[in-house]
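Protein chains in written order, with my numbering: chain B, 41 to 203; chain G, 938 to 1018. Don't be surprised by glycine CBs; every beta carbon is placed ideally from N, CA and C. The structure under discussion appears below in the form of C-alpha cells.
Right, dumping it as C-alpha cells:
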C-alpha cells in the first residue's frame, strides 16, 4: 500500500492493519500543520515527493525500524499536496510487546523520514510569501554504502543540521 | 545524447520548470549534466552543493555515467514530516 497519500490521512486504517494480540504497546506519532514557523504566520503548506525513491525509502525505514528495535510493526504514511493548518501531514504507528521499544522505534522512524526521504515542504505565509523549508541534505555517500540506513550514526549526525 | 533533468523542491522553483531537456556528449556523467544546466540557470549553482541525485529509485554520485534517454532527478534537501 502506498505510503504517500493525497487524501486526508486515516489513522483508523493504520490501527486496524497493525492490530496484534501479542502487542501491549501502541505508539502513534502524528505531525500536524502548525500556524507559525520561525516567527512568520503560516496559512497553508504544500508537500511534494519524488515518489519512486520516497516509497522505497519509507518501506526500508519501516523494515529497519522493526528489525532494529524488535517491534512487531511499524507503518508510516505521509500526505502530499496542499494542507491547511491542523491537518495531519504524517502518521507513524508502532506496535510492540512493551512501551519502551515502541517509543524508541517511533522516534527513530519519524527522524529517519525527516532526514532521508525525498519529500519537500513549501510554506505559504499570511503575508503572501511562500518558501521551501530549509531541510536535510540526502547524502549519496551514505546511501551508497551497503545497508548504511541500518546505522543510526548518520541520522543522529544529520539531526544536528536542524539547528 | 539526450538526457532529461527532473527538478524537485527549490530546484524546480529556481529553474521555473519540472523538467529540462539537455543534449550532452556520449559518456557524460552527472556533473556534466549539472554544468550544462547551470549554464542555462546560473542561480541553480548555489543550490546544487546541497542536492542529491537519482535515477529511478537509486541515488547517484556526481561521477556516475548517464545513458541515452536517462532522466536525472535533482533532489534538494528534504523537509518531510
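For residue 85 of chain B versus residue 995 of chain G, is the C-beta spacing smaller than 9 Å?
Here residue 85 of chain B is taken as the residue at index 45 of the first chain, counted from 1. Here residue 995 of chain G is taken as the residue at index 58 of the second chain, counted from 1. Taking 9 Å as the Cβ cut-off, residue 85 of chain B and residue 995 of chain G do not qualify as a contacting pair.
Hey, how far is the Cα of residue 132 of chain B from the Cα of residue 121 of chain B?
Mapped onto the first chain, residue 132 of chain B falls at position 92. Mapped onto the first chain, residue 121 of chain B falls at position 81. Residue 132 of chain B and residue 121 of chain B: Cα-Cα distance of roughly 19 Å.
Please classify residue 80 of chain B as buried or exposed, where buried requires at least 16 neighbouring CB atoms within 10 angstroms.
For the purposes of this step, residue 80 of chain B is identified with residue 40 of the first chain, where counting begins at 1. Under this definition residue 80 of chain B is an exposed residue.
Mind checking the stretch 62-81 of chain B against chain G and listing, in chain order, the residues whose C-beta falls within less than 8 Å of any C-beta there?
71
Should residue 46 of chain B go down as buried or exposed, given a rule of 16 or more other Cβ atoms within 10 Å for buried?
Taking the first chain and counting its residues from 1, the one referred to as residue 46 of chain B is at position 6. So residue 46 of chain B ends up on the exposed side.
Please confirm if residue 101 of chain B has its CB atom under 9 Å from at least one CB of chain G.
Counting from one through the first chain, the residue named residue 101 of chain B turns up at place 61. Not closer than 9 Å to any Cβ of chain G, the Cβ of residue 101 of chain B fails to qualify, so no.
Neighbourhood of residue 988 of chain G by C-beta, 8 Å cutoff - its chain only, sequence neighbours within 5 removed:
In the second chain, counting from the first residue as 1, residue 988 of chain G sits at position 51. Correct list, in chain order: 948, 1011, 1012, 1013, 1014.
Excluding the five sequence neighbours on either side, which residues of its own chain have a C-beta within less than 6 Å of the C-beta of residue 127 of chain B, listed in chain order?
Within the first chain, the letter at position 87 stands for residue 127 of chain B. Cβ neighbours of residue 127 of chain B beyond the five flanking positions: 73.
Would you kindly report the start and end of the unbroken beta strand (DSSP E) that includes residue 1008 of chain G?
Counted from its first residue, the second chain places residue 1008 of chain G at position 71. Where residue 1008 of chain G is concerned, the enclosing beta strand (DSSP E) stretches over 1008-1012.
Can you list, in chain order, the residues of its chain whose CB lies under 7 Å from that of residue 157 of chain B, leaving out five sequence neighbours each side?
As a working mapping, residue 157 of chain B is identified with position 117 in the first chain. Taken in chain order, the residues that qualify are 94, 97, 98.
Against chain G, which members of the stretch 139-162 of chain B pass a CB distance test of less than 9 Å?
150, 151, 153, 154, 155, 156, 157, 158, 159, 160, 161, 162
In whole angstroms, what is the alpha-carbon distance linking residue 957 of chain G and residue 977 of chain G?
Here the question's residue 957 of chain G lines up with position 20 in the second chain. Here the question's residue 977 of chain G lines up with position 40 in the second chain. Rounded to whole angstroms, residue 957 of chain G to residue 977 of chain G spans 10 Å at the Cα level.
Given a threshold of 16 other Cβ atoms within 10 Å of its Cβ, counted over all protein chains shown, does residue 1004 of chain G qualify as buried or as exposed?
Taking the first residue of the second chain as 1, we reach residue 1004 of chain G at position 67. Exposed, since its Cβ has fewer than 16 Cβ neighbours within 10 Å.
Is the CB of residue 47 of chain B under 9 Å away from at least one CB in chain G?
Indexing the first chain from 1 puts residue 47 of chain B at position 7. No, residue 47 of chain B does not count as interfacial toward chain G.
Do residue 116 of chain B and residue 153 of chain B have their C-beta atoms closer together than 9 Å?
Counting from one through the first chain, the residue named residue 116 of chain B turns up at place 76. Counting from one through the first chain, the residue named residue 153 of chain B turns up at place 113. Yes, the pair counts as a contact, with Cβ atoms nearer than the cut-off.
Please state whether DSSP places residue 44 of chain B in a helix, a strand or coil.
Residue mapping note: residue 44 of chain B aligns to position 4 of the first chain, counting from 1. It is a strand residue.
Please say whether residue 1008 of chain G and residue 943 of chain G have beta carbons closer to each other than 9 Å?
Residue mapping note: residue 943 of chain G aligns to position 6 of the second chain, counting from 1. Residue mapping note: residue 1008 of chain G aligns to position 71 of the second chain, counting from 1. Against a cut-off of 9 Å, the Cβ pair of residue 1008 of chain G and residue 943 of chain G comes out as a contact.
Selection from B:162, B:139, B:166, B:167 that minimises the alpha carbon distance to residue 174 of chain B
As a working mapping, residue 174 of chain B is identified with position 134 in the first chain. Comparing Cα-Cα distances from residue 174 of chain B to each of B:162, B:139, B:166, B:167, the minimum goes to B:162.
Starting from the Cα of residue 69 of chain B, find the closest Cα among B:172, B:140, B:51 and give me that residue.
Here residue 69 of chain B refers to the residue found at position 29 when the first chain is read from its first residue. If we check each option's Cα against that of residue 69 of chain B, B:51 comes out closest.
Buried or exposed: where does residue 155 of chain B fall if 16 or more other Cβ atoms within 10 Å of its Cβ makes it buried?
Here residue 155 of chain B corresponds to residue number 115 of the first chain, with the count starting at 1. It is buried - the Cβ of residue 155 of chain B has at least 16 other Cβ atoms within 10 Å.
Label residue 170 of chain B either buried or exposed according to how many other C-beta atoms from any shown protein chain fall within 10 Å of its C-beta, with 16 as the threshold for buried.
Position 130 of the first chain, counted from the first residue, corresponds to residue 170 of chain B. Classification of residue 170 of chain B: exposed, given that the 10 Å Cβ count is below 16.
If you reduce the DSSP assignment to three classes, tell me which class residue 957 of chain G lands in.
To locate residue 957 of chain G, count along the second chain from 1; it is residue 20. Residue state, collapsed to three classes: strand.
Of the choices G:960, G:972, G:959, whose alpha-carbon is the least far from that of residue 1000 of chain G?
Numbered from its first residue, the second chain carries residue 1000 of chain G at position 63. Of G:960, G:972, G:959, the residue nearest in Cα terms is G:972.
Three-state secondary structure (DSSP) at residue 966 of chain G?
To locate residue 966 of chain G, count along the second chain from 1; it is residue 29. If DSSP states are grouped into helix, strand and coil, residue 966 of chain G belongs with the strands.
With which residues is residue 143 of chain B paired in a DSSP beta bridge?
What you label residue 143 of chain B is simply residue 103 of the first chain in a count that begins at 1. Partner(s): none; residue 143 of chain B has no beta bridge.
Using three-state DSSP, classify residue 984 of chain G as helix, strand or coil.
Taking the first residue of the second chain as position 1, residue 984 of chain G is located at position 47. Three-state result, residue 984 of chain G: coil.
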